[in-house]
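Trainee:
Residue numbers (the numbering used here), protein chains in the order written: chain R, 1 to 215; chain U, 1001 to 1319.
#1: Out of U/1193, U/1117, U/1174 and U/1206, which one is the CA nearest neighbour of residue 1066 of chain U?
#2: Shorter than 7 Å from the beta carbon of residue 1237 of chain U to some beta carbon of chain R?
#3: At the level of alpha carbons, what is the spacing between residue 1165 of chain U and residue 17 of chain R?
#4: Going by Cα to Cα distance, which pick from U/1123, U/1176, U/1145 and U/1170 is closest to residue 1194 of chain U?
#5: Does any residue of chain R have a CB that is nearer than 7 Å to the CB of residue 1240 of chain U?
#6: If you drop the 5 nearest sequence neighbours on each side, which residues of the same chain put their C-beta closer than 8 Å to that of residue 181 of chain R?
#7: Note down, in chain order, all residues in the segment 1254 to 1279 of chain U with a beta-carbon under 7 Å from any beta-carbon belonging to chain R.
#8: State yes or no: is the C-beta of residue 167 of chain R nearer than 6 Å to some heavy atom of the ligand SAH?
#9: Take residue 1068 of chain U as the anchor and find which of U/1123, U/1148, U/1110 and U/1087 has the nearest alpha-carbon.
#10: Under 7 Å, Cβ to Cβ, is there at least one residue of chain R near residue 1288 of chain U?
#11: Are residue 1214 of chain U and residue 1227 of chain U touching if we call contact CB-CB under 7 Å?
#12: To the nearest whole angstrom, what separates the beta carbons of residue 1135 of chain U and residue 1072 of chain U, a pair I think is in contact under 8 Å?
#13: Could you give the residue range of the beta strand (DSSP E) that holds residue 1154 of chain U?
#14: Assign residue 25 of chain R to one of three DSSP states: helix, strand, or coil.
#15: What are the start and end residues of each continuous alpha helix (DSSP H) run of 4 or more residues lying completely inside the segment 56 to 85 of chain R, in chain order?
#16: For residue 5 of chain R, I'd like the list of residues in its chain whose CB is within less than 7 Å of its CB, leaving aside the five on either flank, ordered along the chain.
#17: Taking 7 Å as the CB-CB limit, is residue 85 of chain R close to chain U?
#18: Report the three-state DSSP secondary structure of residue 1255 of chain U (helix, strand or coil).
#19: If you check the beta carbons only, do residue 74 of chain R and residue 45 of chain R fall under 7 Å apart?
#20: Buried or exposed: which applies to residue 1100 of chain U, given that a residue is buried once 16 or more other Cβ atoms fall within 10 Å of its Cβ?
#21: Would you mind sorting residue 1312 of chain U into buried or exposed? The rule is 16 or more other CB atoms within 10 Å of its CB.
#22: Which residues bound the beta strand (DSSP E) around residue 1109 of chain U?
#23: Run through DSSP, which three-state label would residue 1203 of chain U get?
#24: Going by alpha carbons, who is nearest to residue 50 of chain R out of R/207, R/15, R/196 and R/203?
#25: Buried or exposed, going by whether 16 or more other CB atoms sit within 10 Å of the CB of residue 1188 of chain U?
#26: Let me check one thing: in DSSP terms, what residues is residue 1174 of chain U bridge-paired to?
#27: Name the chain R residues that come within less than 7 Å of residue 1284 of chain U, Cβ to Cβ?
#28: Grouping DSSP H, G and I as helix and E and B as strand, with all else coil, what is residue 1052 of chain U?
#29: Should residue 103 of chain R go down as buried or exposed, given a rule of 16 or more other Cβ atoms within 10 Å for buried?
#30: Along the alpha helix (DSSP H) that carries residue 146 of chain R, what are the first and last residues, could you check?
#31: Is residue 1075 of chain U close to chain R, meaning its C-beta is less than 7 Å from at least one C-beta of that chain?
#32: Can you check which of these residues, R/138, R/158, R/117 and R/101, is closest to residue 200 of chain R by C-alpha distance?
#33: Note the first and the last residue of the continuous alpha helix (DSSP H) segment covering residue 1121 of chain U.
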């Protein structure tokens, strides 16, 4: 079953490659790959965030087994997204005064990323979303859960809420006029996070309940 | 007091049509997105069949000297990578959706501060013109560019025929408004119909053309059939498509993109590597088909011809 989910999560990636071989990635393939990998990152974040609510709502506890893999796939697509940006956008717009393979290329590349992240809000939030996933991916192993302790690990992994929000804002600020799809993703993320908020709220009331009852 | 009169519903509470159409669209798209998330949206728009009638323009088309030494972009790229929001906001949408547009018969209304206002049939506008091929660079505000062999004629020849009055200072162009033919107009992504404008001297400039074809064929619908503007030293969105009205006026027209985001898009929209779009740099562009981006040139490289139009103007302020 796990293998099946794994294979399914690779389908968008395979599809991109297939389209690439067929010259079917629009007239500007790098932009298309950037868009598609970005979209799939957000989709996998949404799916990952949906696991717990669905588990609670349906009682199908088994799906928790896929959560780590789904989260890692979100990171996988985020990496592809970032790499495409790095190569197709930042690298491709550099000057190469000393040729491609030169120290100056690396320096200029890093400077160019930094400049973009510092200057353009939609890049800033996109970068935040990407960076926020790194510790989650690194500590996704069972070993790290043990090392951190379940409670701390869980606390750290709430960072995905930041990822989700930053991801939606990144998408929303990027589009030129058609905000429909970013808003839909925003709505879904809001529901998934709102569910957790409501749960936390209920829980804190629940804990106070005995006191009030005793009064 | 059993019978209570109902107060009439104030009109402010009745949902206006665009709002509920939008809402419906939103729900549909939401459902689609959900399905996409769940199932993994396999078939993309680009994969849909691309076919449209390709008709050669009869008669001779004069060659012009423009674009010597430029490598033309492929027809397929020009006809499938379009910003034409009237047919959808993805680049591949217009090629798939624009078959609903009916470019014949077509009328163009000419009005405003002119001596000869008229409702022209398209043929009456195009027939008297000697068509020529103009190979122009097209620079999109989104940082990509193409080289396109347009077929058309100078806008100035038409303007001279209709005789602008001396009070006319600007030309306003309007795209067809017809949600049946242009399904993208069912959603208020931009203020419909699409409107663009030029200063009269820009409109009279010999580089400014009305195009009816590309690669020797009539324009595919997705490229703005049957008649569109091409202003090569301005960002692509100034080159309005599927024109139904040309109005001479004494006031600077408000163009659609300026209306949508005034801090990002201005009236002039001259290609200018020095003036960044708030969300991206305009210093470079990707020529479609190339990997490395090339430096963008002021006025898209047509400065020798057009810079004098803007002498003394602060181009960063009047972007």
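The beta-carbon is built from N, C-alpha and C at its ideal position, and this holds for glycine as well. Keep in mind the model is a prediction, meaning the values are calculated, not measured.
Mentor: In terms of the structure at hand:
#1: U/1206
#2: no
#3: 58 Å
#4: U/1176
#5: no
#6: 171 and 175
#7: 1260 and 1279
#8: Looking at this structure, you won't find the ligand SAH or any other ligand, since it has none at all.
#9: U/1148
#10: yes
#11: no
#12: 7 Å
#13: 1144 to 1154
#14: coil
#15: 67 to 84
#16: 66 and 69
#17: no
#18: coil
#19: yes
#20: exposed
#21: exposed
#22: 1107 to 1112
#23: helix
#24: R/196
#25: exposed
#26: U/1195 and U/1245
#27: 93
#28: coil
#29: exposed
#30: 142 to 148
#31: no
#32: R/158
#33: It is not in any alpha helix (DSSP H) - residue 1121 of chain U instead sits in the beta strand (DSSP E) that spans 1118 to 1121.
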